[in-house]
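Chains as they are written, first to last, in this note's numbering: chain C, 15 to 314; chain R, 15 to 314.
For every residue, glycine included, the Cβ atom is placed at its ideal position computed from N, Cα and C.
From a predicted model like this one, the values you see are computed outputs, not experimental measurements.
Number of protein chains: 2
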Amino acid sequence: MDERAALALLEGELAAAGDDAAAVDGLVVTTDMLHERTDFPDGTTRYTAGWRAVGASLSDVAAMGADATAAVAAYAVPEFDRDELLAFVRGAREVCELVGAEYVGGDLDEHEEFTVATTAIGRTDDPVRRSGAEPGDLVCVTGTLGRSAAGLELFRRADREDDASLRERANDLFRFEPRVRAGRAFAPHATAMMDSSDGLARSLHQLAGASNCGFAIESDAVPIADAVRDVADGEREALEYATTFGEDFELVATVPEDALEAVRSESNVAISVIGAVVDSDDGITLDGEPLADRGYTHGE
Amino acid sequence: MDERAALALLEGELAAAGDDAAAVDGLVVTTDMLHERTDFPDGTTRYTAGWRAVGASLSDVAAMGADATAAVAAYAVPEFDRDELLAFVRGAREVCELVGAEYVGGDLDEHEEFTVATTAIGRTDDPVRRSGAEPGDLVCVTGTLGRSAAGLELFRRADREDDASLRERANDLFRFEPRVRAGRAFAPHATAMMDSSDGLARSLHQLAGASNCGFAIESDAVPIADAVRDVADGEREALEYATTFGEDFELVATVPEDALEAVRSESNVAISVIGAVVDSDDGITLDGEPLADRGYTHGE
């Protein structure tokens, strides 16, 4: 059974499953486990790892349209190193501060592989689900897509060329601002929302499944990060990176057209309209062609 | 740097560190990572693992005197097995139900070693800390101590003798009721509280450090689980198991003498008075002899 099948199995078991975070009693809660082999390429600093791991959970809070309250992390390594641990905590704390949450520590453990489990908590009385998108709504994306794809490629190049400045740039690309403020801007208006951590294409398929709708996306409206163009071989490959790689932690949301200006005025990041919600019979298309359900599956 | 040194380092960094859970904004939050090699002996069922892992975090919520609201778990295995995953979720859910919390799922991950990271959340406006014990207060313990020590020994015997019924008994001993209701009973009165997960002796040293006090404990008042006597060689070894092994998830609390009856009347489990808080100059003693700071360090 692969991870997606296991997730599907759990959705039948747990009422709270199926959104980016579970909503319970005015809170949203989300947890993620990341580990060295699959999530932190060689050259990732512990500062970046702390930022990214905690940021990933804060992104799930943002995707529910909630305020971010607090985050914790369990940090496991083969052997504790003072500077690494402090750098991790600093990254975790700074990403929390950026979105108004408090980093309140966690657990330490010895483990053969560097492994981090993070949990973030937010507050909202009216969480935004993945279900609820209606034909005619606009499809919106925050920020730009492809930063993590570009970062991963730069980590590889930095490794091959043993280039410290490339490695630093890759680390920069691996840190991101969780879209808590944009999520709050979307919250009163969005009909459906999630984050793009599995890639835009897969996110659209997941929203379509939950909302029973289709999407008509225009490729020239997809906001591609500049860094992608430095590593991609042409515009077509850049679009491929931006739509399928994922791990970008931007928000994908659907809103009625008349709410767009209100959302944009409350958001601290650019919001691109990349297409429209259509009837489920019309499928999920990019420039009129079917957009496959391809993307990053965590842990693969 | 070992785990205790790393924890001490973090206490300087994080204002919220040093109690069983972090208190933030009317909530308490706690996270734990457990893994196969050190936390789940051969023969531990996934049902027991789910119960125990989530129960450990709920115990930390209880130790703050908070109501338990919700728990999540990140579940990582080399390969997903449907029955194992469902058994884990059932254990996690049942321990939550037992204390009135909601199990709201979590994350799945592939990992070479079975690893679980759990987070529990509770609510209280007035968390009970480890600091605050005053000379003259009574030292109380919930339930009985030594169940996990006995369970571990039975897992070993079950392995040697390939005995399924011994294994089942060991699993029973490895599941426990998190003391949320007792923690709520202590909350209005306790001057200091924590859980006994590192063993009674170490817990007393931690409380003494945080409260700047000493303890005079009477060995014949320490509540030893019956199961310990089945595996210990005599009363002296039984006491050793009960005071130093830990992993029992009972509460250790200090209360003014006149509050004892009120606490007992609200608790659903027996509360033993094992001694008294004394001046820090008088140290931590068991039957008048110094009680060493020995116990289980997680991850060792």
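Nearest neighbour of C:A134 by Cα position, chosen from R:R181, R:S225 and R:V42, turns out to be R:V42.
Across the set C:V266, C:V269, C:A20 and C:A172, the C-alpha of C:A20 shows the shortest separation from the C-alpha of R:L122.
For R:H219, DSSP assigns no beta-bridge partner whatsoever. C:A184 and C:A67 have their C-alpha atoms spaced approximately 16 Å apart.
Counting C-beta atoms within 10 angstroms of its own C-beta, C:E124 has 16 or more neighbours from the protein chains shown and is therefore classed as buried.
Each of C:E251, C:E249 and C:A215 was checked against the Cα of C:L305, and the nearest Cα belongs to C:A215. Interface residue (Cβ-Cβ distance to chain R less than 8 Å): C:G223 is not classified as such.
A Cβ-Cβ separation of about 13 Å leaves R:A290 out of contact with R:A206 under the 8 Å criterion. With the criterion set as a beta carbon lying under 9 Å from some beta carbon of chain C, the members of the region 127-147 of chain R are E127, T129, V130, A131, T132, T133, I135 and R137, in sequence order. Beta-bridge annotation (DSSP): R:I238 is paired with R:L159. If you draw a 10 Å sphere on the C-beta of C:P141, you find 16 or more other C-beta atoms in it, and that means buried.
Using a Cβ distance threshold of 8 Å, R:G260 and R:G309 count as a contacting pair. For C:M47, the neighbours in chain R by C-beta distance under 7 Å run, in chain order, A88, A90, D121, D123 and A131. Between R:G105 and R:A172, the C-beta spacing is not below 8 Å. Following the DSSP letters along the chain, one finds C:A252 inside the alpha helix (DSSP H) bounded by residues E249 to T258. Unbroken alpha helix (DSSP H) runs of no fewer than 4 residues, entirely contained in the region 27-86 of chain C, are found at 50-53 and 60-77, following chain order. For R:E126 against C:E191, the beta-carbon gap comes to about 32 Å, at or over 8 Å, which does not count as contact. Taking a C-beta cut-off of 8 Å against chain R, none of the residues of the region 245-269 of chain C qualify.
Cβ contact annotation for R:A246 (same chain, cutoff 6 Å, sequence separation greater than five): A252 and Y255, in chain order. Identification of residues in the region 206-222 of chain C having a C-beta nearer than 9 Å to some C-beta of chain R yields an empty set. Secondary structure of C:S286 (DSSP, three-state): strand. In this structure, DSSP gives C:G146 a state outside helix and strand, which the three-state scheme calls coil.
Shown here for R:D293: same chain residues with a beta carbon closer than 8 Å to its own, the five before and five after excluded, namely P149, C227 and G228 in chain order. Not flagged as an interface residue toward chain R: C:D296, since no C-beta distance is shorter than 8 Å.
DSSP places C:V194 in the uninterrupted alpha helix (DSSP H) bounded by V194 to F200. Neighbours of C:R198 in chain R, taken as residues whose beta carbon is under 8 Å from its own, are absent, since the nearest beta carbon is some 17 Å off. Considering only R:A147, R:V75, R:D16 and R:R137, the residue with the shortest C-alpha distance to C:P92 is R:D16. Between R:R96 and chain C, the shortest Cβ-Cβ separation is below 8 Å. If you look at R:R183, you'll find it in the alpha helix (DSSP H) that goes A178 to F188.
The CB of R:T299 never comes closer than 7 Å to any CB in chain C; the least such distance is about 30 Å. The secondary-structure analysis by DSSP pairs C:F229 across a beta bridge with C:V291 and C:I298.
DSSP, read as helix, strand or coil, puts C:E271 in helix. Counting only Cβ-Cβ distances below 8 Å, R:V103 has contacts in chain C at L24, E27 and L28, in chain order.
Taking 8 Å as the cut-off, the Cβ atoms of R:V287 and R:L152 count as close.
Under the Cβ criterion of 8 Å, R:M78 is not counted among the residues facing chain C.
Under the 10 Å beta carbon count, R:R174 is surrounded by fewer than 16 other beta carbons and is classified as exposed.
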